[in-house]
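S.K.: Chains as they are written, first to last, in the numbering used here: chain A, 4 to 145; chain B, 4 to 145. All C-beta atoms, glycine included, are put in the ideal place defined by N, C-alpha and C. Below are the structure tokens for one structure; questions will follow.
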DNA sequence: TGGTGGTGGTTAGTTAGGCTAACTAATATA
DNA sequence: TATATTAGTTAGCCTAACTAACCACCACCA
């Protein structure tokens, strides 16, 4: 019978699989018509309005980068800028209907691309993938 | 008992898990001292010399991007440029000893980061991840 | 055998997106 | 109230992607 895979071997194969999976689904992103940075920002705003500072933290970029990103998103009509009523320094970005629609479409393209490929799998294989996803989230989630 | 997960649900969770996994391991890349694009190119060259066109296809970028990337890699001494003896138009890039060493180190950092987290898992969980990796490679491999 | 069309790669110029440094405006604090 | 801190902006720079246009070479065939 087959020897058990070592953590190192599994790490190696899993790493490779993750790269190939994401490369595949990411190829659909161009169809959204917005840039990767814009798409990513919209996904952060999906959970509700965020201040520019919160967005910078989430995207792991510096304030000036967010200033420019926000200006462009606003110009494209994908977000609205709102000012805080208690603190005049802070500005919040809220995804517009148009922005939300683009994000939904982007997700649909990515997930759809993957889903089509999973439909050929057996129930047991799907179960294995689902279990694996849960294990991964647990171990990389710090 | 739990209802079986649909392909769509699995696609969604797997997508999310892959993003989180790669975000985690990628954080070690800065320690290699080379840029992400350079590191990725070196990994493509690991399997042998490639023409600039092959590299462009593998990296999903346009020829001019590869021209510049190749020039920089050459300047840093990470690759050697070889010309085809039958077709004077084509140029091949071959990883140098220094380039291979940097790639090995980058891989060691990434895989090591992941491996540490997998060591806490049971044999059954490791088996699940290994099986999942194989399934993913099969379905996204075109 | 010498055009002609296609292919591999480069050059030139543009754009997006990241950075630091230095700034303004508003708020918090000693 | 004077000073320090915080949120965001402006200016200027750099890298890495792109497209358009090009050069060099190869293959083919009339």
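Could you confirm whether any beta carbon from chain A is found closer than 8 Å to the beta carbon of residue 35(B)?
M.R.: No, because no Cβ of chain A sits closer than 8 Å to the Cβ of residue 35(B).
S.K.: Chain B partners of residue 144(A), CB-CB under 8 Å?
M.R.: Under the 8 Å cutoff, chain B gives 23.
S.K.: Reducing DSSP to helix, strand and coil, say where residue 132(A) ends up.
M.R.: Correct three-state label for residue 132(A): helix.
S.K.: In terms of DSSP beta bridges, what is residue 13(B) paired with?
M.R.: In DSSP, residue 13(B) forms no bridge with anything.
S.K.: With three or more C-beta pairs closer than 8 Å as the rule, is the stretch 121-136 of chain A touching the stretch 66-85 of chain A?
M.R.: Judged by Cβ distances under 8 Å, the stretch 66-85 of chain A makes no contact with the stretch 121-136 of chain A, as fewer than three pairs qualify.
S.K.: Interface residues of chain B around residue 124(A) at Cβ under 8 Å?
M.R.: Ordered by position in chain B, the residues that pass the 8 Å Cβ test against residue 124(A) are 10, 138, 142.
S.K.: Straight-line CA distance for residue 30(B) to residue 89(A)?
M.R.: Whole-angstrom Cα-Cα distance: 37 Å.
S.K.: Can you tell which of 7(B), 108(B), 117(B), 93(B) has the C-alpha that lies nearest to the C-alpha of residue 43(B)?
M.R.: Taking only the C-alpha atoms, the option nearest residue 43(B) is 108(B).
S.K.: Provide the residue(s) that pair with residue 83(A) in DSSP beta bridges, ordered along the chain.
M.R.: DSSP, once it has assigned bridges, lists 97(A) as partnering residue 83(A).
S.K.: Can you tell me the Cα-Cα spacing of residue 137(B) and residue 40(B), whole angstroms?
M.R.: If I take the Cα positions, the gap works out to 26 Å.
S.K.: Using only alpha-carbon positions, find the residue among 73(A), 28(A), 63(A), 113(A) that is nearest to residue 97(A).
M.R.: Checking every option, the nearest Cα to that of residue 97(A) belongs to 73(A).
S.K.: Near residue 103(B), what residues of its chain come up, given a Cβ to Cβ distance below 8 Å and the 5 sequence neighbours on each side ignored?
M.R.: Once the five neighbours on either side are set aside, the close Cβ partners of residue 103(B) are 45, 49.
S.K.: Please list the terminal residues of the continuous alpha helix (DSSP H) segment that includes residue 46(B).
M.R.: From DSSP, the alpha helix (DSSP H) with residue 46(B) extends over 39-48.
S.K.: By a C-beta neighbour count over all protein chains shown, 10 Å radius and 16 as the cutoff for buried, is residue 28(B) buried or exposed?
M.R.: Result: buried.
S.K.: So is residue 111(B) in contact with chain A if we call contact Cβ pairs under 8 Å?
M.R.: No - not a single Cβ of chain A is within 8 Å of the one on residue 111(B).
S.K.: Any Cβ of chain B within less than 8 Å of the Cβ of residue 13(A)?
M.R.: Judged by the 8 Å Cβ criterion, residue 13(A) is in contact with chain B.
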